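**Student:**
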Amino acid sequence: MSNKVLQMNHIMKIYPNGVVAVEDVTFELIKGEIHALLGENGAGKSTLMKVLFGIESPEQGQIILNDKETTVKSPQDAISKGIGMVHQHFMLVPSLTVAENIVLGVEPAKSKMFIDMDKAVEISKEIAKKYNFEIDVTSKVEELPVGIKQKVEILKALYRGADVLILDEPTAVLTPQETDELFIQLKKLKEKGHTIIFISHKLDEIKEICDRATIMRNGKSKGTHNVADISTTEMSRLMVGRDVVLSFDKKPIELKDTVMKVRNLTVKGSTGVLRVDDLSFDLKAGEIFGIAGVEGNGQGHLVEAITGLNKKYNGEILVFDEDIKKHSIKQIRESGMAHIPEDRMTLGCAKNMNILDNILSNQFDSKELSGKVMLKSKKIQERVNELIKEYLVKCKSSKQNVGMLSGGNIQKVVVAREFSTNPKIIIANQPTRGIDVGAASFIRQRIIEYRDAGCAVILISADLNEVFELSDRLAVMYKGKFAGVFKDVDSVTEIELGKYMLGIKHDDRLEGIIYEQ
Amino acid sequence: MILNALLSPEFFNAALRATTPILFATLASAVASKSGIINMALEGIMLFSALFGVLFSAAFQSAWLGLFVTMILGGFIGFVLAFFVLKLKTDEILAAIAINLIATGGTVFLMLTVSGDRGVSSSIKSLQLPRVALPLIENIPFLGEIISNQNILTYISLIMVVVVHIFLYKTPLGLRIRAVGENKDAAESVGISSQKIQFTALIISGLLAAMGGFFLSGGYMTYFTKDMSAGRGFIALAASTMGGNTPIGGFLVSLLFGAAQAFSNIMQMGASLPYELVQMLPYATTLIGLGIYSYSLMKKRHRLSGK
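For the protein sequence lines, the chains are A and B, in the order given. Taking this note's numbering, the leading residue of the first sequence gets 4, the next gets one more, and so forth. Taking this note's numbering, the leading residue of the second sequence gets 1070, the next gets one more, and so forth.
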């Protein structure tokens, strides 16, 4: 018998909408190792694990488990084959006790009718003791902190006989102390012969506990390496490197008034974890301020705060010298801010309504389009037709539901809506993610046109191509802070930027982030 | 005079009697809600069961056999609701409203077809379940008069509170029902079929509601009247919610609503207030009760989030 617990050979997964999520990926696990699966959001690591856990079935490829070729039909099938998964969103029942959650579905019974609660508690205690987890198994899950809930999830998988444990970004929800504790537990599990797949994009964590790492980018594997033999710089290059270089024509920069001032902005996430940590910056008219970074480092929370979606922040956000904390989103928009949200399907559009309803949804109450009681439908139709033409939205008619369009065309509808109010500040969060090259380049061109015309732009993107080509000034966000700021974008290399994005490098003095004190 | 009536053992005895059908339906609601589905069809199930009770106890000339068949049919209506909600993905409220509306017209139609009666099924010779005098207890002054000499279904309803409690909290199926109701994904992730569990819960819910329906026409009366359930299914829904969808909590709230019903009956006899106004009492109690419940829940949430 070989020492390979698992081999996934030439796995290919194409989603029904044509997206190739995983392309010819080969992945191997050696018994008793902690194996990192490294890659950005959308790189295909989650899909690969869904294939392994039986949530998705692959179009091509072979799975060999313990030297036997097999197919995994469902999560239940995976569990019975000794694969356990700890999801990012915990699969626990809050009002039940730890013990009840652990035995759920395989409850010990007495007199064939009742649950033997004493036995369940005993079993849970035993398994917790075996793996050195300190948990009061009689407490209710809803009363436990996140770190302990995660331990319950791990115990649940172990109780069901998991040899291979998949941990999906386990540290994303944990405090640093909880993370340390988790790592100690994982090392102990490893000593007991369990094999662990550790999904992450945090290089320092991978260096700390992983033996080998498989790096993925754009659905392809960039190879498997011994963590001891590969530098973090090399890992970051493989993970975020550029495949194609784009270029756009831009007018020379002409800075005007400061339009936005952010001072000491601090935002906490729903679990109480610090997401934006004491951030300060200025934004001037006529510039594109790029914010690069691996997703989940606080960019989303920053955008929610500066666009007025989330008011639960500390610090100050001034737009045209006015504090926006007391302003409604409508007031903020009326002051000249446009927002292209990160997720076009949830925040960007109403997908079951038609293009006409969506493309002007931010200005139906304007005098131009609305009378005192009724909408001016003729005027609206004209305006919509203009926009569809101007933004090259491919559709049958303006009455077509937005949800029926392709991703690129939906995004064009969103961009057309946001830009049609002649904004003075544009917050563009991942404006071209997951859309075709043509639509992406069109949207980038429009952003540059607005910047040339004197608009201030904040561009948040995980796409290095995009931030490099578009930005006049560039900051890298890491763990809620700016790790580095570059006034001259051309002077930075992608390798250098990758180091900042993954926390290998960090500047304390952030020159050029604030224009005036 | 009213105060005297309120303190008499007869009032409490009547309150317990009025509680019985509401209690059955409350337990039915608790089981369904714990599985994550609101069984708003309780009203229709009770109404159908009240008629079925009359029809089958008359047909078999046995009240017990009549109850048995009624329960099976109640469980079947629960199954039908589950089928629409879980298999055909109908909205659970709409499916329930449909069942309730069918019950309103359907029971009258059935009664007319079988007996030729339109409002009251007086020509059907149906039977009732016996009253039981409890030995020893009946000799206790005051308390004996309240508790003893109730219909046997009243005692069964009290026993069911304990049975449903044990079922929900001490059996594997109960644990799974609660798990599915609270976090379906979690239950599915450990190999529990949430559909199977919810089907089972709604069938059990139907069985329990059918017992409450049978009590209406086979407890103290031996006939069915049009719209006999008179909103008790909905009151039970409120009672169950206010009791936190637990059997014991639901029982306590049902007692309150039962008392309101009994009080309304007394007041109607006193006739110092308009009949219609007094009749409104149980429903007004429900509304006020729900208001107080929601307010305290809001306060609690506020306190928790402020922490």
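Ideal placement from N, C-alpha and C gives every residue a C-beta, glycine not left out. Just so we're clear, the structure is a prediction, and the values are computed from it rather than from any experiment.
How is A/E184 classed by DSSP in three states: helix, strand or coil?
**Tutor:** helix
**Student:** Could you tell me which chain A residues have their CB closer than 9 Å to the CB of B/G1275, listed as they occur along the chain?
**Tutor:** What B/G1275 touches in chain A: nothing, since even the nearest Cβ is about 22 Å away.
**Student:** Between the alpha carbons of A/F471 and A/K254, how many angstroms are there, rounded?
**Tutor:** 16 Å
**Student:** What number of angstroms, rounded off, separates the C-alpha of A/A419 from the C-alpha of A/L390?
**Tutor:** 7 Å
**Student:** Check the C-beta distance from B/P1316 over to B/H1371 and give it rounded, since I have them as a contact under 8 Å.
**Tutor:** The Cβ separation is near 28 Å, so there is no contact.
**Student:** Taking 8 Å as the threshold (beta carbon to beta carbon), is B/D1061 in contact with chain A?
**Tutor:** Nothing about residue 1061 of chain B can be read from this structure; chain B reaches only from 1070 to 1376.
**Student:** Give the range of the beta strand (DSSP E) segment to which A/R386 is assigned.
**Tutor:** Per DSSP, A/R386 belongs to no beta strand (DSSP E); it is in the alpha helix (DSSP H), 380 to 393.
**Student:** Would A/I3 and A/F251 be called neighbours here (beta carbons separated by less than 8 Å)?
**Tutor:** The question about residue 3 of chain A has no answer here: the residues shown for chain A are numbered 4 through 520.
**Student:** For the beta strand (DSSP E) containing A/K154, name the first residue and the last one.
**Tutor:** That residue, A/K154, is in no beta strand (DSSP E); its alpha helix (DSSP H) goes 149 to 162.
**Student:** For A/A486, which residues from the same chain have a beta carbon less than 6 Å from its beta carbon, with the 5 sequence-adjacent residues on both sides left out?
**Tutor:** V479, Y503, H509
**Student:** Quick one: list the residues of chain A neighbouring B/K1239, beta-carbon separation under 7 Å, in chain order.
**Tutor:** F117, I118
**Student:** Quick check: the Cα distance between B/F1080 and B/A1331, rounded to an integer number of angstroms?
**Tutor:** Taking the straight line from one Cα to the other gives about 7 Å.
**Student:** Helix, strand or coil: which one does DSSP assign to B/G1375?
**Tutor:** With a pLDDT of 49 at B/G1375, under the threshold of 50, the modelled position of that residue is not reliable, and no figure is offered here.
**Student:** Among residues of its own chain, excluding the 5 on either side of A/D285, which ones have a beta-carbon nearer than 8 Å to its beta-carbon?
**Tutor:** T261, M263, K264, V265, I516, I517, Y518, E519
**Student:** Would you call A/T475 buried or exposed, if buried means 16 or more other Cβ atoms sit within 10 Å of its Cβ?
**Tutor:** The amino acid at residue 475 of chain A is misidentified as Thr; the sequence shows Asp. Buried, since its Cβ has 16 or more Cβ neighbours within 10 Å.
**Student:** Rounding to the nearest angstrom, what Cα-Cα distance links B/S1323 and B/S1098 in this structure?
**Tutor:** Between the C-alpha atoms of B/S1323 and B/S1098 there is a straight-line separation of about 12 Å.
**Student:** How would you call B/A1202, buried or exposed, if buried means at least 16 neighbouring beta carbons within 10 angstroms?
**Tutor:** Exposed, by the Cβ-count rule.
**Student:** Verify the CB distance criterion: does B/R1247 have a CB-CB separation below 8 Å to chain C?
**Tutor:** Of the protein chains in this structure, namely A and B, none is chain C.
**Student:** Using alpha carbons as the reference points, say which of A/L55, A/E43, A/K152, A/S114 lies closest to A/A102.
**Tutor:** Measuring from the Cα of A/A102, the nearest candidate turns out to be A/K152.
**Student:** Using the beta-carbon count (16 or more within 10 Å), is A/L68 buried or exposed?
**Tutor:** Buried is the label assigned to A/L68, since at least 16 other Cβ atoms lie within 10 Å of its Cβ.
**Student:** Could you tell me the boundaries of the alpha helix (DSSP H) in which B/K1253 lies?
**Tutor:** 1253 to 1258
**Student:** Just how far apart, CA to CA, sit B/K1194 and B/L1321?
**Tutor:** 35 Å
**Student:** Just checking: is the beta-carbon of A/S127 within a distance shorter than 8 Å of some beta-carbon in chain B?
**Tutor:** no
**Student:** Would you mind listing the alpha helix (DSSP H) stretches within the segment 179 to 238 of chain A that are 4+ residues and don't spill past its ends, in chain order?
**Tutor:** 179 to 194, 206 to 212
**Student:** Can you pull out the residues from the segment 1294 to 1307 of chain B whose beta carbon lies closer than 8 Å to at least one beta carbon of chain A?
**Tutor:** none
**Student:** What residues from chain B crowd round A/G108, counting only those whose CB sits closer than 7 Å?
**Tutor:** V1259, G1260, I1261
**Student:** What are the residues that DSSP puts in a beta bridge with A/I430?
**Tutor:** A/H342, A/I461
**Student:** Using a Cβ-Cβ cut-off of 8 Å, state whether B/E1112 counts as contacting chain A.
**Tutor:** By this cut-off, B/E1112 is not an interface position.
**Student:** Name the residues in the segment 1143 to 1155 of chain B whose C-beta lies less than 8 Å from a C-beta of chain A; which are they?
**Tutor:** none
**Student:** Closer than 9 Å by beta-carbon distance: list the chain B residues that pair up with A/M94, in chain order.
**Tutor:** N1252, D1254, A1255, A1256, E1257, S1258, V1259
**Student:** Is there at least one Cβ from chain A nearer than 8 Å to B/L1366's Cβ?
**Tutor:** So no, B/L1366 is outside the interface.
**Student:** Less than 8 Å between the CB atoms is what I'm expecting for A/V155 and A/I169, so what's the real figure, rounded?
**Tutor:** 16 Å between Cβ atoms; not a contact.
**Student:** What is the DSSP secondary structure of B/G1086, reduced to helix, strand or coil?
**Tutor:** Gly is not the amino acid found at residue 1086 of chain B; the sequence shown has Arg there. The three-state secondary structure of B/R1086, taken from DSSP, is helix.
**Student:** Quick check: what's the CA-CA separation for B/S1341 versus B/L1285?
**Tutor:** 28 Å
**Student:** Pop quiz: A/I233 and A/L41 are said to be a contact at Cβ under 8 Å. What is the actual Cβ separation, rounded to whole angstroms?
**Tutor:** With 8 Å as the limit, A/I233 and A/L41 do not qualify as a contact, their Cβ atoms being about 10 Å apart.
**Student:** Using the Cα positions of B/A1167 and A/R163, report the straight-line distance between them to the nearest angstrom.
**Tutor:** 43 Å
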